[in-house]
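Adding 741 to a residue's 1-based position in the sequence shown gives its number in our numbering. Quick reminder that beta carbons are idealized off the backbone N, C-alpha and C, glycines included. In this text the structure is predicted, and so the values were computed from the model without any measurement. Written out below as structure tokens is the structure these notes cover.
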Amino acid sequence: MPFPKEFVWGAATASYQIEGAAREDGRGECIWTRFSHTPGKILNGDTGDVACDHYHRYRDDVKLMQALGLGAYRFSTSWARVIPAGVGASNPLGLDFYDNLVDALLEAGIRPFLTLYHWDLPQALQDRGGWANPDIVHWFADYADLMTRRLGDRVKDWTTFNEPWVVAFTGHYEGRHAPGIQHLPTALMAAHHVLLSHGAAVPVIRQNVPDASVGITLDLHYRQPASDKPEDVEAFRRVDSYTFRWYLDPIFKGAYPDNLLDWLHQNAPGVGEIQAAAVPIDFLGVNYYMRWLIVHDPKAKPLQGRGYPTPGSELTTMGWEVYPDGLRQVLMRLHQEYQPPSLYITENGSAFEDPEPVNGVVEDPRRTAYLKAHLKAVEAAIDAGVPVKGYFTWSLMDNFEWAFGYSQRFGIIHVSYQTQERTWKRTAHEYKRIIQANAVRD
Ligand code: FCB
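Next comes the structure, spelled out in structure tokens:
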């Protein structure tokens, strides 16, 4: 079965993970620059200072995308590169970079999908409280205004946030991500302000780009209770509300999950109305990687649940369970419970221990199998009536994997961090074939 004729085939990246040029051309410091230079935060002391040097190599990278046959490219813009202090004066050189990137993409026939926030907050705003400060709602709207005015004549696909759950909770509760805070009330306020910022930015985008398609990307993995025991089922229900529903319910229903309302108000009394997050959107972006089994554990944070992969299942080097049918089930559930007008898989991919390139190719059979199996799951969801419009593989190339530094390789293109040489993995060749055929064939 082929995919729908107009199905969008893409690959995704994010600014801090690939650009490098951290101190060039007037870019301001971002929270990931600060965090990665704080000893002990990133595996092997890696930083995104150079990353894939995409800032200087974007033209060649666009050529690679063209050679792959990509119809679309999902990237994010660095707020600190375009507004170094987060508010106020914009940086012409930073804006020129994205302007040139967009032009290069369009010349190559590739549709730009732009994400405004993929985790790299200007440090200057963090110094003023960051996502926990209610003022960020208009700071973010102003940033959205700047970007849409500058690029909206050519960029039509806009995403406000990437994985706001991770922004709020991994960054402000678990502290494994920048800004490295471990304080639940702060995390809950951050989550709230991200939602309000989304609600404030969508109309700004529409105003400046009347023909825009606007959405948000959430991390939506497949979770299920580890057993039928009532306490595991109850733990699952709470974890599901805390993760899966925490953003979906406000965005599509204008309310936080009902079973956690008391808990929310006890922990963050400052959290108010969330109705303003429920502005109509054109698409929901789905990032899907894995299955988690949820078990009751009174000692675990947060919300008395703990997750683990199914014992004996195939794991990636991230320790994530490979479970393609979970993607189909997540898509079915979204369609049934929230009815987004359309969906894109904005990220899906795998890290494995790749061999070094031999004769100009990296053999990565497990990644190819992961790709094909997940695409079949997407196909099954489309057949069942879910309006999935496109798929973006994570990632175009190996890059800086946050707290794991350069140790996790998610790319379909291999990057040598010594020479910056790009080498196709076998999966890239396979993906090209799939795109050409608009179908997955064995
Ligand atoms: C997602 C992130 C993306 C990348 C993948 C592996 O959570 O959005 O930047 O790190 O995981």
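Inset, instruction - Look up cysteine 771 in the DSSP assignment and give the residues it is bridged to. - result: Counting from one through the sequence shown, the residue named residue 771 turns up at place 30. Paired residue(s): Pro863.
Legend entry - Sub-7 Å separation of alanine 909 and alanine 931 beta-carbons: Counting from one through the sequence shown, the residue named residue 909 turns up at place 168. Counting from one through the sequence shown, the residue named residue 931 turns up at place 190. Yes; because the gap between Cβ atoms is below 7 Å, this pair is in contact.
Inset, instruction - Please report the Cβ distance between threonine 1134 and asparagine 1179, rounded to the nearest whole angstrom; I am assuming they are in contact, meaning their Cβ atoms lie under 8 Å. - result: Counting from one through the sequence shown, the residue named residue 1134 turns up at place 393. Counting from one through the sequence shown, the residue named residue 1179 turns up at place 438. Threonine 1134 to asparagine 1179, Cβ: 15 Å. No contact.
Inset, instruction - Grab me the residues of tyrosine 858's own chain with a C-beta within less than 6 Å of its C-beta, minus the 5 sequence neighbours each way, in chain order. - result: Here residue 858 refers to the residue found at position 117 when the sequence shown is read from its first residue. Once the five neighbours on either side are set aside, the close Cβ partners of tyrosine 858 are Phe902.
Inset, instruction - Quick one: residues in its chain with C-beta nearer than 8 Å to the C-beta of alanine 1015, no 5 flanking neighbours on either side, listed in chain order? - result: Along the sequence shown, one-based indexing puts residue 1015 at 274. First, the residue type needs correcting, since residue 1015 is isoleucine and not alanine in the sequence shown. Correct list, in chain order: His933, Leu936, Leu937, Pro991, Gly995, Ala996, Tyr997.
Legend entry - Contained alpha helix (DSSP H) runs [length at least 4] in the region 813-837, N- to C-terminal order: 820-823
Inset, instruction - Tell me whether asparagine 841 is buried or exposed, calling it buried when 16 or more other Cβ atoms sit within 10 Å of its Cβ. - result: In the sequence shown, the residue the question calls residue 841 occupies position 100. Exposed.
Legend entry - Separation of alanine 753 from arginine 891, as counted between CA atoms: The residue labelled residue 891 in the question sits at position 150 within the sequence shown. The residue labelled residue 753 in the question sits at position 12 within the sequence shown. Roughly 22 Å separates the two Cα atoms.
Legend entry - Inter-residue spacing [alpha-carbon to alpha-carbon] between glutamine 1149 and glutamate 1162: As a working note, residue 1149 is residue 408 in the sequence shown. As a working note, residue 1162 is residue 421 in the sequence shown. Roughly 17 Å separates the two Cα atoms.
Legend entry - Candidates Ala1121, Tyr1132, Met742, Leu809, of which the one nearest glutamine 1177 by Cα: Position 436 of the sequence shown, counted from the start, is the residue given in the question as residue 1177. Closest by alpha carbon: Leu809.
Legend entry - Three or more C-beta pairs below 8 Å linking the region 1092-1109 and the region 818-830: The region 1092-1109 vs the region 818-830: no contact.
Inset, instruction - Return the first residue and the last residue of the beta strand (DSSP E) that alanine 752 is part of. - result: Within the sequence shown, residue 752 is the residue found at index 11, counting from 1. It spans 749-753 - the beta strand (DSSP E) in which alanine 752 sits, taken as one unbroken run.
Inset, instruction - Counting only the same chain and skipping the five closest in sequence on each side, list residues whose C-beta sits under 7 Å from that of aspartate 1066. - result: Against the sequence shown, residue 1066 aligns to sequence position 325. Excluding five sequence positions before and after aspartate 1066, the CB atoms of its chain that fall closer than 7 Å to its own CB belong to Ala1118, given in chain order.
Inset, instruction - Spell out a yes or no on whether the region 1012-1030 and the region 952-960 are touching, meaning 3 or more CB-CB pairs, one atom from each, closer than 8 Å. - result: Yes, since at least three Cβ pairs between the region 1012-1030 and the region 952-960 fall closer than 8 Å, the two stretches touch.
Inset, instruction - Please report how far the alpha carbon of alanine 976 lies from the alpha carbon of valine 1181, in whole angstroms. - result: The residue given as residue 976 occupies position 235 in the sequence shown. The residue given as residue 1181 occupies position 440 in the sequence shown. If I take the Cα positions, the gap works out to 38 Å.
Legend entry - For asparagine 1140, the nearest candidate out of Val1129, Tyr1132, Gly1131, Gly1152 (CA to CA): Within the sequence shown, the letter at position 399 stands for residue 1140. Nearest option by C-alpha distance: Gly1152.
Legend entry - Supposed close pair aspartate 861, tyrosine 757 - CB separation, criterion 8 Å: Here residue 861 refers to the residue found at position 120 of the sequence shown. Here residue 757 refers to the residue found at position 16 of the sequence shown. Between tyrosine 757 and aspartate 861 the Cβ distance is about 4 Å, and since that is below 8 Å, they are a contact.
Inset, instruction - Measure from the alpha carbon of methionine 806 to the alpha carbon of each residue in Asp1183, Ala1169, Ile1175, then state which is nearest. - result: Within the sequence shown, the letter at position 65 stands for residue 806. When only C-alpha atoms are compared, the closest one is Ala1169.
Inset, instruction - Compare the C-alpha of tyrosine 1172 against each of Ala1121, Lys1113, Glu1142 and name the closest. - result: By one-based count along the sequence shown, residue 1172 stands at place 431. Cα-wise, what sits closest to tyrosine 1172 is Lys1113.
Legend entry - Selected residue, minimal CA-CA separation from alanine 762, among Gly751, Cys793, Pro944: Numbered from its first residue, the sequence shown carries residue 762 at position 21. Residue Cys793 is the option with its Cα nearest to alanine 762.
Inset, instruction - Report yes if the C-beta of asparagine 841 is less than 6 Å from at least one heavy atom of the ligand FCB; otherwise report no. - result: Residue 841 sits at position 100 when you count from the first residue of the sequence shown. No, since every heavy atom of the ligand FCB falls outside the 6 Å radius drawn around the Cβ of asparagine 841.
Inset, instruction - Confirm the yes/no value for this check: CB of proline 903, any heavy atom of the ligand FCB, distance under 6 Å. - result: Reading the sequence shown from its first residue, position 162 is the one you call residue 903. Reading off the sequence shown, one finds asparagine at residue 903, where the question assumed proline. The answer is yes for asparagine 903.
Inset, instruction - Under 7 Å Cβ to Cβ from isoleucine 783, same chain only, skipping five residues before and after it: list those, please. - result: The residue you call residue 783 lines up with position 42 of the sequence shown. Counting only Cβ-Cβ distances below 7 Å, and skipping sequence neighbours, we find Ser777, Ala1144, Gly1146.
Inset, instruction - Drop a sphere of 10 angstroms on the beta-carbon of serine 1136, count the other beta-carbons inside from all chains shown, and report buried for 16 or more, exposed for fewer. - result: For the purposes of this step, residue 1136 is taken as residue 395 along the sequence shown, with counting starting at 1. With 16 or more Cβ atoms within 10 Å of its Cβ, serine 1136 is classed as buried.
Inset, instruction - Mind checking who threonine 900 pairs with in its DSSP beta bridge? - result: As a first step, residue 900 must be located in the sequence shown, where it is residue number 159. Partner(s): Thr856, Gly956.
Legend entry - Check whether proline 863 and glycine 769 have beta carbons under 7 Å apart: By one-based count along the sequence shown, residue 863 stands at place 122. By one-based count along the sequence shown, residue 769 stands at place 28. The answer is yes: Cβ separation under 7 Å.
Legend entry - Environment of asparagine 785 [buried if 16+ CB atoms lie within 10 Å]: Taking the first residue of the sequence shown as position 1, residue 785 is located at position 44. With fewer than 16 Cβ atoms within 10 Å of its Cβ, asparagine 785 is classed as exposed.
Inset, instruction - List the residues that DSSP assigns as beta-bridge partners of lysine 1166. - result: The residue given as residue 1166 occupies position 425 in the sequence shown. The bridge partners DSSP lists for lysine 1166 are Val1103.
Inset, instruction - For the alpha helix (DSSP H) holding valine 975, just list the boundary residues, first then last. - result: For this step, residue 975 is matched to residue 234 along the sequence shown. Per the sequence presented here, residue 975 reads as glutamate, with valine not at that position. In this chain, the alpha helix (DSSP H) harbouring glutamate 975 covers 971-983.
Legend entry - Top-ranked residue by Cα proximity to glycine 767, from Gly870, Gln1077, Ala830: Residue 767 sits at position 26 when you count from the first residue of the sequence shown. The shortest Cα separation from glycine 767 among Gly870, Gln1077, Ala830 belongs to Ala830.
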